[in-house]
Amino acid sequence: MKQRRATLVQLLILGVLGAAVLISLMLPSSGLFTSSGEVVEISVIFREVDAVHWENTKMGMEQAAQEAGAELRFLYLTRPNDAEEQIEIMRREAVRGAQALIVIPVSDACVETLSKEQSDLPIISMESCAPGAAACIAPDQAALGSALAQEIIEDGIPNQVLLLDTAKDNSAVTQRLDAAQAALEEQGADVARMKISAEEIKAQSFLWGQKVYDTVVVAEPFAAQEAAEKKAELGLSQRLYGVGITGAIALALEDETISACAVIGEYASGYLAVQQALRAVSGEDAQSQTMPFSIVRGEDFNELSSQKLLFPVD
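Structure (structure tokens):
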């Protein structure tokens, strides 16, 4: 029952955020197809080894592709956040004949490099606004980081904050952490940063043994989930803040293992990315979209007006 509650809450949160871009989603369909009526092939290249934490984004992509009669090809890395592998996959898809790429870039340089090599191939950049992209579908990452920091401050200005940088050269994660650090330091918090892969979070016991840090911030879903599981396993008291929403994160919010998360409209982001890729293929100007986000706490679940409709059985 608790897992079902978390799933329903996750869907509701994403639905509310998606409603913020309904006007964009209801744009007329003219211009979404090639003049010859051929099926458009779009390659979607992630920066991770699977799409476990991008499932809602994928659902939005698949919906847009189904409506337009386009074909999507989802591709993953064998090693997470490997820029060299990602650029090679992008080059391979360009040679293979993809008519557009949607990329969640490891590094903005991946998009910039391929856009120079293949100037006629439209690239839609998600999560970060990479140079050379035909359009970017992403939230204001600095605003997101500042909003998350403000939430931390409202819980009480921490003494020692640890920001975990888990995405190597990803500019979106860097911008979130930069903005959070600036806001926290402005309030007098002592802030430290550590580069560590999301996969290493649970393995690095020394990290969690340093009780000098009363607050830990992670800026992407996989890392947030891993950190929450480690915190629960060790019974730690540090305040934990993250970015993203999954079933596991919803559960962690509900039991207050995670104090708060910044949640982005993932389904709508995926839908819009495909929509703009199709526009670019058809010769129209693709339009960048700044996606909405919201700060969510476990206590918010009990304040939903539709609580009884969502959870009719205790």
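For the record, in the sequence shown the residue sitting at position 46 is 1350 according to the working numbering, with numbers rising by one throughout. Even for Gly, the Cβ is constructed at its ideal location relative to N, Cα and C.
Residue from Gln1529, Ala1484, Thr1519 whose Cα sits closest to the Cα of Glu1504: Gln1529
Every unbroken alpha helix (DSSP H) inside the segment 1396-1429 [4 residues or more]: 1412-1421
Rounded straight-line distance, which links the Cα of Asn1474 to that of Phe1597: 19 Å
CA-to-CA distance, Ala1502 to Ser1347, given in whole angstroms: 25 Å
Meets three-Cβ-pair contact criterion under 8 Å: the segment 1534-1553 and the segment 1392-1406: no
Beta-bridge partners of Cys1565, as assigned by DSSP: Gly1546, Val1600
Contact belief for Ala1368 with Val1578 at Cβ below 8 Å, rounded distance in angstroms: 4 Å
Nearest residue (CA-CA) to Ala1590, options Pro1426, Phe1378, Ala1471: Pro1426
C-beta contact flag for Ala1523 and Ala1483 at 8 Å: no
Contact set for Ser1610: own chain, Cβ-Cβ below 6 Å, skip 5 residues either direction: Here Ser1610 scores only 30 on pLDDT, less than 50, and its place in the model should not be relied on; the value that follows carries that caveat. Taken in chain order, the list of residues that qualify is empty.
Ala1442 versus Glu1603, Ala1564, Leu1576, residue with shortest Cα-Cα distance: Leu1576
Buried/exposed call for Glu1570, threshold 16 Cβ in 10 Å: buried
Supposed contact pair Ala1402 and Glu1366 - C-beta distance, whole angstroms, cut 8 Å: Wrong, their Cβ atoms sit about 17 Å apart, outside the cutoff.
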